[in-house]
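*Asks:* The sequence shown begins at 29 in the working numbering and counts up by one. Beta carbons: idealized from backbone N, C-alpha and C, even for Gly.
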Amino acid sequence: MTINVRGTLYQENLNNDMGLEFYDLSHPWGLGQPCWPYFEDVKIERLHTMARSGVLTQKITTVMHSGTHIDAPAHVVEGTAFMDEVPLPHFFGTGVVVSIPKKKWEVITAADLEAVSPEIREGDIVIVNTGWHKHYGDNRMYYAYSPGFYKDAGEWFAKKKVKMIGSDTQALDHPLGTAIGPHGPGYPNGLLPDVNREYERETGRKVIEDFPEWEPCHRAILSAGICGFENVGGEIDKVTGKRVTFAAFPWRWTKGDGCIVRLVAIVDPTGKYRIETGK
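1. How many whole angstroms separate the CB atoms of Pro65 and Leu219, which I take to be in contact at a CB cut-off of 8 Å?
2. Ordered along the chain, which non-local residues of its own chain (more than five positions away) have a Cβ less than 7 Å from that of Gly165?
3. Tell me Val154's beta-bridge partners as DSSP assigns them.
4. Return yes when the Cβ of Asp99 is within less than 7 Å of the Cβ of Gly262, no when it is not.
5. Nearest-angstrom Cα distance between Tyr215 and Phe277?
6. What is the C-beta distance between Tyr178 and Gly205, in whole angstroms, given that I count them as a contact (C-beta under 8 Å)?
7. Is it true that the CB of Gly286 sits closer than 7 Å to the CB of His93?
8. For Thr268 and Gly82, what's the separation of their Cα atoms in angstroms?
9. For a test of the three-state rule: what should DSSP assign to Ala293, helix, strand or coil?
10. On a Cα-Cα basis, can you pick out the residue from Ile294, Ala207 and His163 that is closest to Thr197?
11. So Ile148 is in the alpha helix (DSSP H); what residue range does that whole segment cover?
12. Between Ser251 and Val154, how many whole angstroms is the CB-CB distance? I'm expecting something under 8 Å.
13. On the criterion of 16 or more Cβ atoms from any shown chain inside 10 Å, does Asp140 qualify as buried, or is it exposed?
14. What is the rounded straight-line gap between the Cα of Thr305 and the Cα of Thr273?
15. Leaving out five residues before and five after Val91 in sequence, what residues of the same chain have Cβ atoms less than 6 Å from its Cβ?
16. Buried or exposed: Ile303, going by 16 or more other Cβ atoms within 10 Å of its Cβ?
17. Can the beta-carbon of Lys300 be found less than 7 Å from the beta-carbon of Gly47?
18. For Ala186, collect the residues of the same chain with a Cβ closer than 7 Å to its Cβ; drop the 5 residues on either side in sequence, then sort them by chain order.
19. Val267 by DSSP, collapsed to three states: which one?
20. So what's Tyr170 in DSSP terms, helix, strand or just coil?
21. Look at the Cβ atom of Gly176, then the Cβ atom of Asp152, and state whether they are nearer than 7 Å.
22. Restricting to Cα atoms, I'd like to know which of Met78, Gly95 and Gly159 is closest to His55.
23. How would you label Glu230, buried or exposed, when you count the other beta carbons within 10 angstroms and need 16 or more for buried?
24. Let me confirm a value: Asn157 is counted as buried when at least 16 other C-beta atoms fall within 10 Å, else exposed. Which label applies?
25. Am I right that Pro297 and Glu113 are in contact with their C-beta atoms under 8 Å? What's the rounded C-beta distance?
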């Protein structure tokens with residue numbers, strides 16, 4: 029059976045023929061793309077149009093840390109691997125999507141990671157579903173108030189020797205451990221000073237007291253060669269609580285610091301699918 033999408037025929041039952049189920053864990057990407065607070069807007073221009081040229085050609089201007097993307101170690105840690113230097117097997121393999129529901133500004137801890145089911149194993153690709161992907165958009169809720177990993181979670185991942193990690197939040201670190209807080213380019217008041225003041229009003233503590241280090245989860249995992257996915261979303265809820273196979277290959281970008289990716293979770297209910305031997 030085939031389906032017609034804008035005049036193109038696609039085989040509808042291809043998944044059934046292969047015995048596989050594919051789940052897209054990426055957010056849609058395009059014009060009006062939600063952006064991290066200090067990034068320029070995504071620009072998409074049509075260099076050729078069907079009316080003028082009989083062909084459609086588009087030009088994109090964007091940072092690679094846009095939408096669902098992957099951070100290379102060199103993004104944060106000097107002297108480590110760029111995107112093209114990370115071995116290909118790191119972008120494919122077995123892993124888990126685990127549920128760790130969190131509220132505004134809560135921290136995902138090592139204890140949270142220890143308690144999940146399915147359990148996290150050495151060599152796994154690990155995606156954490158906090159529920160925050162439901163807020164994804166151009167809004168303060170998603171970027172400024174999200175939960176996130178911090179130092180002990182990053183160190184736990186490194187000690188566990190996982191292959192790769194990711195979450196459905198704005199970054200691999202808690203927002204107040206990024207430049208949104210009083211760190212790096214955000215020193216001394218944070219990129220969003222009113223958010224830092226709000227935290228202090230609500231907790232009675234200064235941001236720098238609770239989040240004294242700048243991006244310690246990034247540093248812990250990336251220095252260990254563990255890349256990370258940010259802004260995971262899409263059909264994440266459909267595979268949460270499951271052990272799956274992941275695939276998400278970045279561009280072969282020389283000296284790349286990161287890359288937009290399409291993160292896919294694959295499930296084989298029959299257990300019959302195989303990778304070709306090459307013979």
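*Replies:* In short, the structure shows the following:
1. 5 Å
2. Pro62
3. Val124 and Ile193
4. no
5. 34 Å
6. 6 Å
7. yes
8. 44 Å
9. strand
10. His163
11. Segment: none, Ile148 is in no alpha helix (DSSP H) and carries neither H nor E.
12. Actually they do not touch by this definition, with Cβ atoms about 17 Å apart.
13. buried
14. 18 Å
15. Phe67
16. exposed
17. yes
18. Ala248, Ile249, Ala252 and Ile254
19. helix
20. helix
21. no
22. Gly95
23. exposed
24. buried
25. 36 Å between Cβ atoms; not a contact.
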